[in-house]
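This note's numbering puts the first residue of the sequence shown at 246, with every later residue one more than the last.
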Amino acid sequence: MTPNDPNPISVNAPCPCGSGKKYKRCCGAVSAPTAAAGQPATTKSRRDLWLIGLGMVALVAVTLVALASVNNRPAARPTTGGSISGSGVMPTPKAWEFDAANNRHWDPAHAHWHDGPPPAGAVAK
246 MTPNDPNPIS VNAPCPCGSG KKYKRCCGAV SAPTAAAGQP ATTKSRRDLW
296 LIGLGMVALV AVTLVALASV NNRPAARPTT GGSISGSGVM PTPKAWEFDA
346 ANNRHWDPAH AHWHDGPPPA GAVAK
């Protein structure tokens with residue numbers, strides 16, 4: 246049978262090769278049979294799996310680096326001296342000073358601001 250044959254074979258007709266199968270299951274099959282579950286993967290599929298795995302490892306590495314850089318930023322610390330109005334330099338707050346406008350307090354032990362009011366037992370040193 247040729248592509249330009251005036252009498253095409255029906256896909257459900259018996260195959261002309263004599264196998265006894267339908268034409269669509271024998272000589273008229275559209276695609277090649279797929280690999281069985283027990284057969285080893287082809288070289289191309291192994292390469293694809295390696296590339297997918299490598300891409301996933303790279304994605305995890307980039308995510309971990311990004312998270313580490315976000316978590317390692319230095320805390321905002323005011324500099325000593327200066328005035329608020331003219332120089333743009335913030336004065337060092339007093340121990341356990343409460344900033345009600347921003348709902349935070351200065352912790353002298355950590356030398357940075359904490360959210361909320363100071364703890365009940367906090368005493369200025």
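Just so it is clear, CB atoms sit at the ideal spot from N, CA and C, and this is done for glycine as well.
Rounded to the nearest whole angstrom, the CA to CA distance from residue 364 to residue 336 is 23 Å. Sequence-distant Cβ neighbours of residue 360 in its own chain, meaning closer than 8 Å and more than five residues away, are 348, 349.
Non-local C-beta neighbours of residue 260 in its own chain, meaning closer than 6 Å and more than five positions away in sequence, comprise 266, 268, 271, 272, ordered along the chain. Cβ-Cβ distances below 6 Å link residue 296 to nothing in the same chain once the five nearest sequence neighbours on each side are left out. Residue 358 and residue 313 have their alpha carbons spaced roughly 22 Å apart.
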